[in-house]
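Peer 1:
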Amino acid sequence: MPTKKLDSIEHEEARHSGFEAVKLTDRVYWVGVVDWELRDFHGYQTLRGSTYNAYLILGSKPVLIDTVKAPYLTQMMARISSVIAPSKIAYIVSNHAEMDHTGSLPRTIELVQPEKVFASAQGVKAIEAHFHLGLDIEIAKNGDVLELGDIRLKTLETKMLHWPDSMFSYIEGDGVLFSNDAFGMHLASAARFTDQIDEALLYEEAAKYYANILMPFSKLVQALLAKLPSLDLDIEMIAPDHGPIWRGNLDKILHWYGTWSAQRPTKKAVVLYDTMWQSTRKLALAVAEGLAEGGADPHVLPLSGVHRSDVAMQVLDAGALAVGAPTMNNNLFPRMADVLTYLKGLRRQNLVAVAFGSYGWSGEAVKQIESYLEAMKAEILEDGFKVQYVPDAHALNQARELGRKLAARLLERIKEETE
Ligand code: FEO
331 MPTKKLDSIE HEEARHSGFE AVKLTDRVYW VGVVDWELRD FHGYQTLRGS TYNAYLILGS
391 KPVLIDTVKA PYLTQMMARI SSVIAPSKIA YIVSNHAEMD HTGSLPRTIE LVQPEKVFAS
451 AQGVKAIEAH FHLGLDIEIA KNGDVLELGD IRLKTLETKM LHWPDSMFSY IEGDGVLFSN
511 DAFGMHLASA ARFTDQIDEA LLYEEAAKYY ANILMPFSKL VQALLAKLPS LDLDIEMIAP
571 DHGPIWRGNL DKILHWYGTW SAQRPTKKAV VLYDTMWQST RKLALAVAEG LAEGGADPHV
631 LPLSGVHRSD VAMQVLDAGA LAVGAPTMNN NLFPRMADVL TYLKGLRRQN LVAVAFGSYG
691 WSGEAVKQIE SYLEAMKAEI LEDGFKVQYV PDAHALNQAR ELGRKLAARL LERIKEETE
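Residues 331 to 749 (my numbering) are what the sequence shown spells out, left to right.
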């Protein structure tokens with residue numbers, strides 16, 4: 331790192347902007363950013379905005395944990411400046427290389443000129459691959475305790491939560507676990523703590539975040555939850571990099587993560603459909619009727635009005651998935667292809683599924699849906715059901731029967747899981 335600390339115009343602006351830090355413990359402050367305007371996070375619809383949380387730890391050698399998205403450097407600097415001059419920061423710890431946390435890292439390093447910057451081994455490579463600046467970053471290994479003046483910070487490798495480079499850090503004495511993406515949510519709020527926010531809202535946004543960001547890595551989440559007690563950390567707060575900070579109610583989020591990551595079947599059956607001339611819609615509604623008759627709990631999602639990230643959230647705690655789409659120009663209707671591509675990547679496990687749809691002259695969509703369901707390792711109940719043009723009463727009865735069969739298999743699977 332360079333040795334001479336610089337001041338700057340940006341730093342001066344920051345000092346006078348009015349953004350304040352929020353105290354978490356005697357030594358730990360939130361110095362992040364509330365992004366009220368965010369509506370899209372790499373394809374995930376964020377109707378309630380988000381936050382990018384960075385944390386300042388005061389000590390003989392102050393430490394900054396993570397930074398913020400590039401356009402918000404000044405806001406972070408202002409919050410730091412409300413506690414100490416940013417140039418006093420001696421160390422920066424980067425828990426994750428994704429640009430919502432490192433976008434302003436190069437400029438922060440330039441302004442602050444810390445003695446050292448730390449990241450995981452993969453983080454060091456990822457930061458270089460993003461910014462190509464040849465930054466001198468030290469590797470923090472799993473289980474290391476970084477002696478940072480009078481601050482002792484333990485680093486924990488959490489690969490794939492959310493990227494290969496991700497790690498947690500934990501400050502001894504203060505009991506704060508800096509969990510980066512894990513346990514977070516995209517929720518802009520003036521409240522900094524979860525106990526200041528309605529629980530139903532927390533559940534909804536934490537579930538949506540889990541489904542869209544962490545669901546593919548559910549086995550690793552299970553492993554982390556199993557390992558946490560053995561690490562002997564006295565955790566009083568979980569401070570993620572998005573959304574409010576968990577204090578006094580850690581069991582709640584740990585329990586939710588335990589449930590979501592287990593991916594056990596429930597009675598919930600998602601009926602996902604798109605339609606051109608209402609034919610696939612009629613089939614979808616008949617499938618839903620059959621599901622209800624069979625004892626399942628259908629949730630019908632028309633893609634004309636439901637975003638892919640809300641589909642992911644609904645699938646998170648479902649046990650069955652019925653997918654219907656028409657064929658258009660010998661192909662799957664494109665909006666469904668979008669959503670199934672997205673769902674395939676999110677890898678929800680342990681679903682029982684069926685495909686259906688209407689067609690005019692070829693009818694490839696149902697097979698294409700099934701190939702997505704196979705890739706998701708869903709149990710496909712039977713060959714997909716397709717109807718030429720408009721379903722008549724007989725076809726609608728068949729769709730209803732398909733729903734009943736899907737419900738019956740779902741209830742069997744629930745029973746198998748509990749035996
Ligand atoms: Fe919040 Fe994976 O970045």
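Even for Gly, the Cβ is constructed at its ideal location relative to N, Cα and C. Owing to the predicted nature of the structure, the values given are computational and were not obtained by experimental measurement.
Among residues of its own chain, excluding the 5 on either side of E350, which ones have a beta-carbon nearer than 7 Å to its beta-carbon?
Peer 2: Counting from 1 along the sequence shown, the entry for residue 350 is found at position 20. Only R409 and S412 meet the Cβ criterion.
Peer 1: Identify, in the order they occur along the chain, each residue of the same chain with its Cβ nearer than 7 Å to the Cβ of R743, setting aside the five sequence neighbours on each side.
Peer 2: Counted from its first residue, the sequence shown places residue 743 at position 413. For R743, where only same-chain residues beyond five positions count, the Cβ hits under 7 Å are P595, G649 and V682.
Peer 1: What would DSSP say about V447, mapped onto helix, strand or coil?
Peer 2: Position 117 of the sequence shown holds residue 447. In the structure shown, V447 sits in a strand (DSSP, three-state: E or B).
Peer 1: Determine which residues share a DSSP beta bridge with D627 and list them.
Peer 2: For the purposes of this step, residue 627 is taken as the residue at position 297 of the sequence shown. According to DSSP, which records beta bridges pairwise, D627 is partnered with K598.
Peer 1: Which ranges does the beta strand (DSSP E) cover as unbroken runs of at least 3 residues, wholly within the segment 550-584, from first to last along the chain?
Peer 2: 567-570
Peer 1: Excluding the 5 residues flanking E487 on each side, which residues of the same chain have their C-beta closer than 7 Å to its C-beta?
Peer 2: To locate residue 487, count along the sequence shown from 1; it is residue 157. These residues qualify, in order along the chain: S450, N472 and M497.
Peer 1: By alpha-carbon positions, which one of T355, L465 and G624 ends up nearest to E566?
Peer 2: Mapped onto the sequence shown, residue 566 falls at position 236. Answer by Cα proximity: T355.
Peer 1: Give the single residue among W586, S634 and H572 whose Cα lies nearest to the Cα of Q552.
Peer 2: Along the sequence shown, one-based indexing puts residue 552 at 222. Ranking W586, S634 and H572 by Cα distance to Q552 puts W586 first.
Peer 1: Between Y689 and P721, is the Cβ-Cβ spacing less than 8 Å?
Peer 2: On the sequence shown, residue 689 is found 359 positions in, with the first residue counted as 1. On the sequence shown, residue 721 is found 391 positions in, with the first residue counted as 1. No, the Cβ-Cβ distance between Y689 and P721 is not below 8 Å.
Peer 1: If you follow the alpha helix (DSSP H) that G675 is part of, which residue opens it and which one closes it?
Peer 2: On the sequence shown, position 345 is the one that residue 675 refers to. It spans P664 to L676 - the alpha helix (DSSP H) in which G675 sits, taken as one unbroken run.
Peer 1: Where does T333 land, buried or exposed, given buried means 16+ other C-beta within 10 angstroms?
Peer 2: Translated into the one-based positions of the sequence shown, residue 333 becomes position 3. For T333, the predicted model reports a pLDDT of 42, less than 50, meaning its position is unreliable; a value from the coordinates is still stated below. Flag for T333 reads exposed.
Peer 1: If the criterion is Cβ atoms closer than 8 Å, does the pair I467 and V454 meet it?
Peer 2: In the sequence shown, counting from the first residue as 1, residue 467 sits at position 137. In the sequence shown, counting from the first residue as 1, residue 454 sits at position 124. Their beta carbons are under 8 Å apart, which means I467 touches V454 by this criterion.
Peer 1: Roughly how many angstroms lie between the CA atoms of K735 and Y374, to the nearest whole one?
Peer 2: Working through the sequence shown from its first residue, we reach residue 735 at position 405. Working through the sequence shown from its first residue, we reach residue 374 at position 44. K735 and Y374: Cα-Cα distance of roughly 33 Å.
Peer 1: Comparing the CB of H460 with every heavy atom of ligand 1, is any distance shorter than 7 Å?
Peer 2: To locate residue 460, count along the sequence shown from 1; it is residue 130. No - ligand 1 has no heavy atom lying nearer than 7 Å to the Cβ of H460.
Peer 1: Whose C-beta lies closer than 8 Å to the C-beta of L741 among residues of the same chain, with five residues either side of it excluded?
Peer 2: Taking the first residue of the sequence shown as 1, we reach residue 741 at position 411. So the list reads K597, G624, G625 and A626, once near-sequence residues are dropped.
Peer 1: Can you tell me which of W607, D430 and Q644 puts its alpha carbon nearest to the alpha carbon of Y533?
Peer 2: Within the sequence shown, residue 533 is the residue found at index 203, counting from 1. That would be Q644, whose Cα lies nearest to the Cα of Y533.
Peer 1: What does the shell around ligand 1 hold, if a residue joins when its beta-carbon is under 6 Å from any heavy atom?
Peer 2: H426, E428, D430, H431, H492, W493, D511, D571 and H572
Peer 1: Taking DSSP as the reference, what is the three-state secondary structure of R482?
Peer 2: Translated into positions along the sequence shown, residue 482 becomes position 152. In the three-state scheme derived from DSSP, where H, G and I count as helix and E and B as strand, R482 is classed as strand.
Peer 1: With DSSP run on the structure shown, which of helix, strand or coil describes I699?
Peer 2: In the sequence shown, the residue the question calls residue 699 occupies position 369. Helix, per DSSP.
Peer 1: Helix or strand or just coil, what does DSSP make of D430?
Peer 2: Here the question's residue 430 lines up with position 100 in the sequence shown. Judged by DSSP in its simplified three-state form, D430 adopts helix.
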